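Step one of this worksheet: look at the structure below.
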Amino acid sequence: MITDLSERPGADVEIEASGDPDGFVLCTRAVRGGGHIANVGTHGRPAMLHLESLWRKNLTISTGQVDTSSAPWLLELMSNGCLPVSPLVTDTFGLDRMEHAYEVFARGTTTGALKVVLHRE
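For the sequence shown, my numbering begins at 817 and goes up steadily by one.
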């Protein structure tokens, strides 16, 4: 499908946001030679990569989490109701269960946790 939509074989940029190892492997296959994979998913399991084909493609792979410089702006949008985040929240815990909450989030691939919220009781 990607080759049908693009003028070249493969996409210029692939964004892996699922955190699924198979999703990352799919990105390595779907990106064009010289392309870029932005890996922003939270991975709990390793991905099996074929370095020989990645090397031939001369890819750039970047990883990272949230750019914290935008956090105040995003918090303001959330507070004003302009950025609805409740559909993303899968789990809510009191502060007394903080360690458990982190364990649930760390095992998101098995627990199904997408975003975990801690609250004062």
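Ideal Cβ positions, reconstructed from N, Cα and C, are used throughout, including at glycine.
Note that the structure is predicted; figures quoted are calculated from it, not measured.
Taking the Cα of G851 as reference, the smallest distance to any Cα among E830, E919 and S834 is reached at E830. Note on T926: under 16 other CB atoms within 10 angstroms of its CB, so exposed under the neighbour-count rule. Cα atoms of N874 and M914: separation of roughly 42 angstroms, rounded to the nearest angstrom. The three-state reading of DSSP puts H916 in helix, counting H, G and I together.
With a cut-off of 8 angstroms on Cβ pairs, the region 834 to 842 is in contact with the region 855 to 862, counting three or more such pairs. In the structure shown, the three-state DSSP call for T858 is coil. Sequence-distant partners of G860 (beyond 5 residues in either direction) whose C-beta falls short of 8 angstroms from its own C-beta, in its chain, are G835, A922, R923, G924, T925 and T926. Rounded to the nearest whole angstrom, the C-alpha separation of G849 and W871 is 10 angstroms. By the beta-carbon neighbour count (other beta carbons within 10 angstroms, threshold 16), V933 is exposed. Counting the other CB atoms within 10 Å of its CB gives A929 a total of 16 or more, which places it among the buried residues.
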